[in-house]
Every structure is written in C-alpha cells, then in structure tokens.
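Let me begin by presenting the structure, written as structure tokens, before commenting on it.
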Amino acid sequence: MITMNNFHFKYAGSDCFALQNINLTIKEGEFVGVIGNSGAGKSTLTYAINGVIPHHYHGDFYGDVSVDGMSTVEVTPEQLSACVGSVFQDIDGQMVASVVEDELLFGLENFGFVREEITQRIDDALATMGIADLRYRSICTLSGGQKQKVALAAILALKPRILVLDEPTGELDPQSSGQIFTMLRELNQTYGITVVVVEQKIMLLCEYVKRLIVMGEGSILLDGEVHEVLEHSKEMEAVGIHIPRVATLANLLIDKGLYLGRLPRNLDEAEAMVREVMA
Ligand SMILES: Nc1ncnc2c1ncn2[C@@H]1O[C@H](COP(=O)(O)OP(=O)(O)O)[C@@H](O)[C@H]1O
Ligand SMILES: [Mg+2]
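Numbering-wise (our numbering), the sequence shown opens with residue 1 and increments by one.
Below, the structure written as structure tokens:
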C-alpha cells in the first residue's frame, strides 16, 4: 500500500536532510504508530505519504515513494487525495468552512459527487464519528476534541483507503484522546482502512496500534510489532522516549530471569504478568 525505497528528502533552502534512507513497507489494513522527538521527521514522513512532498514542499527528493502502486512524484495531488485522507497537525489551519456540515460538503463537492451521494456520505460520516448532533454548529464554538472529530469526519466522507494523521490528540485531554484512538481502531478493523498515526503519547500507541515506528534525526530507528519495539527500551530512552512504566518493570523482571513472557502493553497485561511472576 505504501512503500519507500532509499527515500531521502531535504527541504529547499535547508542544509540537512529531514529524512534519510527511509525504507518502509506498509501493507493494506495495517495500523501503524509513529513516535519520535521533535524534529525527528515525523511530519515530513506524513507529507511524503500524502503527496504534500513533493507537490507542495519542494526540495531534494531521492529514492522512490509509492502509494497504492502510484509513484507520488508522477501522480497529481488530486489523484493521491482520492486514496489518502490526511489530518494535519494544525487542525484549525485545515478547516475551510465555518459550519460543520459545510466542512464535509467542501471536500465532497470538490470530488464532484452527485447530490444524493453527498447527503448520504455526510450522514454516514457524522454518524460514524458520533457527531450527528454537531451538524449545524459553528466550528469556532467547538472544543478541540469535537474539531478533531469534524476533521476526521470530513476526511472519512471521502472514503479514503489510507488515513494519515499527524498528532491528532495534540491538544486533547486523555479521555478525548482515547476516543479518537478508539475511533481509529474501529475504522481500521471495520473498514480495513490503513492507518498511519503520528503520536507523542506512548501509552496510547501501546494500547491501540499494532506496529510502532520510532524515528530520530530523520531516520527510522526501530520498526516492529509494539511488544518487540518496547524491548529496545535503552534505544528509546536514548532518543528521549520514555517507555511505559509497565514495560520498564517487565524489562527488569526479564533481566533478573523472573519473567519470560511478552512485554505488557497496558495495565491489564501488566497485572497478568505480575500474577504470573508471583505464582
Ligand atoms: N517547511 C520546512 N522547511 C524547511 N525545513 C523544515 C520544514 N519542515 C520541517 N523542516 C525540518 O525538517 C526536520 C524534520 O521536521 P518535522 O518533519 O517537522 O519533524 P517532527 O514532525 O518529527 O517534529 C526538522 O529539522 C525541521 O526543522
Ligand atoms: Mg510534526
């Protein structure tokens, strides 16, 4: 679905590469989290998937990036956006309308759908996000969490096969953050949408995503199933990512030879681990 081969990118006017030697394959239906400190290249990676690079941001582009079999350099941004839906880090900058319904309408009209199809898609997208009641609300009166849901609904209405989100919970409290991730998991599981989400909160990623990519200084440092990646706690700490305490505890127990199982991803799994060790 998404492949990058020896991909390097340097923004025009910058003297260092924002991304270097990226080799990545994401298959259809995967749910992938991306973490890394500020400036690691996470947003740049999302731009490479949705075609913002090279179509909006120019620079030195080496290697190949293809999405759904299309080389992103060769296709138009319109062709790509029929397949990839993006939620950007700056959510307010992404909103184009002042009323929720119009926000959804805008994208659909751009794609030239007929009236009935548009109405149906708006109904469905609002229902999927559980925000049918916000339909006629003015966007500037919404909370951060509600805006995130509107942005997601506007993207979902276009029925993308890939969803790329850049820190969608950045401004949200833990409860709304969990709701967004629950929604993403549902979209991934129910509709098979491939999800790539940049997120700073490691606990959320551990709880929801299957595969975790750790970035640092423009490179992919670690990439694998969440449990596997958490075993590399020292590498993660070295780039300032603090793995969940339950994973630290598990690594300590493993070092002492007291535990041989998988690393816990959440409190429930940690409880099971502790019970096993005590027994
Ligand atoms: N529009 C831009 N022009 C020039 N350099 C940029 C631009 N956007 C990001 N960069 C640089 O690229 C690197 C990666 O940035 P970014 O992808 O935004 O990282 P992250 O999202 O992980 O914080 C940083 O060194 C940043 O300064
Ligand atoms: Mg960023």
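Note that beta-carbon positions come from the ideal geometry of N, C-alpha and C, so glycine has one too. These numbers were taken from a predicted model, which means no experiment stands behind them.
Spatial distance of L172 from K147 (CA atoms): The straight-line gap from Cα to Cα measures roughly 10 Å.
Span of the alpha helix (DSSP H) around G107: 100 to 110 is the span of the alpha helix (DSSP H), which, as asked, contains G107.
Same chain, Cβ closer than 8 Å to F111, five either side skipped, listed in chain order: Taken in chain order, the residues that qualify are A82, L158.
Expected contact under 8 Å - CB spacing of I2 and I26 to nearest Å: Separation of the CB atoms of I2 and I26 is rounded to 4 Å, and the pair is thereby assigned contact status at 8 Å.
Span of the alpha helix (DSSP H), counted from its first residue to its last, around M215: No alpha helix (DSSP H) holds M215; the beta strand (DSSP E) holding it covers 211 to 216.
Test item: CB-CB of V196 and V32 under 8 Å: Remark: C-beta atoms of V196 and V32 approach each other more closely than 8 Å.
Unbroken stretches of the alpha helix (DSSP H), 4 residues or longer, contained in the stretch 152 to 226: Look at the stretch 152 to 226 and you find these whole runs of alpha helix (DSSP H), each 4 residues long or longer: 174 to 191, 202 to 208.
Unbroken stretches of the alpha helix (DSSP H), 4 residues or longer, contained in the stretch 39 to 110: Entirely contained in the stretch 39 to 110, the alpha helix (DSSP H) runs reaching 4 residues are, in chain order, 42 to 50, 52 to 55, 77 to 81, 91 to 94, 100 to 110.
V32: first and last residue of the uninterrupted beta strand (DSSP E) it sits in: Residues 31 to 36.
Any 3 or more C-beta pairs closer than 8 Å across the stretch 129 to 141 and the stretch 49 to 67: Between the stretch 129 to 141 and the stretch 49 to 67 there are fewer than three C-beta pairs closer than 8 Å, too few to call the two in contact.
For S138, the residue or residues it bridges with in DSSP: Answer is V99, bridged to S138.
Burial state of S177 (16 or more Cβ within 10 Å): Buried, since its Cβ has 16 or more Cβ neighbours within 10 Å.
Boundaries (first-last residue) of the alpha helix (DSSP H) holding K27: Per DSSP, K27 lies in no alpha helix (DSSP H) segment and is marked neither H nor E.
Which of helix, strand or coil DSSP assigns to K10: In the structure shown, K10 sits in a strand (DSSP, three-state: E or B).
Check: D90 C-beta below 7 Å from any heavy atom of ligand 2: Answer for D90: no, Cβ out of range of ligand 2.
Of the listed residues N188, A154, A97, G216, nearest to F17 (C-alpha basis): Checked all of N188, A154, A97, G216; the closest Cα to F17 is G216.
Secondary structure of M236, DSSP reduced to three states: M236 carries a helical assignment under DSSP once its states are collapsed to helix, strand and coil.
Nearest to Q20 (by Cα), restricted to the options Y62, T119, G261: Nearest option by C-alpha distance: Y62.
Expected contact under 8 Å - CB spacing of V229 and V246 to nearest Å: About 14 Å separates the two Cβ atoms, so there is no contact after all.
Per DSSP, cross-strand counterpart(s) of I2: I2 pairs with I26, V67.
Where the alpha helix (DSSP H) containing A272 begins and where it ends: Looking at the DSSP string, the run of the alpha helix (DSSP H) that includes A272 is 267 to 278.
C-alpha distance - T248 paired with L212, whole-angstrom precision: Looking at the backbone, the Cα of T248 and that of L212 are separated by about 17 Å.
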